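According to this note's numbering, the stretch in the sequence shown is residues 49 to 213, in order.
Backbone N, C-alpha and C fix where the C-beta goes; we use that ideal spot for every residue, glycine too.
This structure is a prediction, so every number in the text was calculated from the model and none was measured.
Structure record follows, encoded as structure tokens.
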Amino acid sequence: MSISLTWSAPAHGVMFVLSALHAGPAAAQQGLYYGEPLTLKAAQKLARLAREEAQARGLAMAVAVAGPSGDPILLEVMDRTQYASTAIAPAKARTAARFRKPTKVLQDATATGALAYVGADGALALEGGVPVIVAGNIVGALGISGGTSTQDGEVAAAALKQFKP
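Shown next, in the form of structure tokens:
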């Protein structure tokens, strides 16, 4: 897929960075397509798995599940979860769905100076968002917030590993 845009001079740097990121870690995700969204029942099951994992670790977290478009299906907020997490978890889910990759990939890219993802389409480059892939298609995404970004990512990965739609 090739996109040609004409931008003013300052934007060319952003386009260059996006191109460089696209060729790097993003290349592994290029074969993914969007599929039918998770049902509410499947989203509730995924959220339950994440909540149980968070509870087992003694963490209070917000758990968001989005469809393949990044739009929300549900948000669950555990008791004692920090208020910011109610906005962060859905942003992580949206980012993972729309960019077709875990938000950790974006976090790592920004850590090396590639700042193009920061603010792009409301992207949040913090670990804890993962796409939900079924039969090679993205059917949704899970976003977790409430711990450190590493803890958020671990809870998301553990829930996703156990998930069977």
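Anticipated Cβ contact below 8 Å, G194 with L107, distance rounded: Right, the Cβ-Cβ distance comes to about 6 Å (below 8 Å), so this counts as a contact.
One question on the structure: do V182 and I192 come within less than 8 Å of each other, judged by their Cβ atoms? Their beta carbons are not under 8 Å apart, which means V182 does not touch I192 by this criterion.
Report the three-state DSSP secondary structure of H70 (helix, strand or coil). In this prediction, H70 scores a pLDDT of 41, lower than 50, which makes its location untrustworthy; the coordinate-derived value is nonetheless stated afterwards. In this structure, H70 counts as helix in the three-state DSSP scheme.
Taking C-beta to C-beta, are L94 and G115 nearer than 8 Å? No, these two residues do not count as a Cβ contact at 8 Å.
Give the DSSP-derived three-state secondary structure of S133 in the structure shown. Helix, per DSSP.
CB R99 to CB V111, shorter than 8 Å? In contact: R99 and V111 (Cβ atoms closer than 8 Å).
Rounded to whole angstroms, what is the Cα-Cα separation between D218 and S133? No answer is possible for residue 218: it lies beyond the span of the chain, which begins at 49 and ends at 213.
Quick check: what's the CA-CA separation for A157 versus T143? If I take the Cα positions, the gap works out to 14 Å.
Test item: CB-CB of G188 and R146 under 8 Å: Result no, Cβ atoms of G188 and R146 do not sit closer than 8 Å.
Residues of its chain near G83, where Cβ-Cβ distance is below 6 Å and the 5 sequence neighbours each way are ignored: Contacts found: N185 and V187.
Proximity winner among E124, A104 and L154, relative to S197 (alpha-carbon distances): Taking only the C-alpha atoms, the option nearest S197 is L154.
Which one or two residues does DSSP pair with L122 in a beta bridge? In the DSSP output, where bridge partners are listed per residue, L122 has V113.
Quick one: Cα of V125 to Cα of A104, how far? Whole-angstrom Cα-Cα distance: 16 Å.
Pull up the DSSP beta-bridge partners for V180, would you. According to DSSP, V180 bridges with G188.
Can L97 and A164 be called in contact, C-beta distance under 8 Å? No. Outside cutoff.
For a quick check, are the C-beta atoms of P179 and A90 less than 8 Å apart? Not closer than 8 Å, so no.
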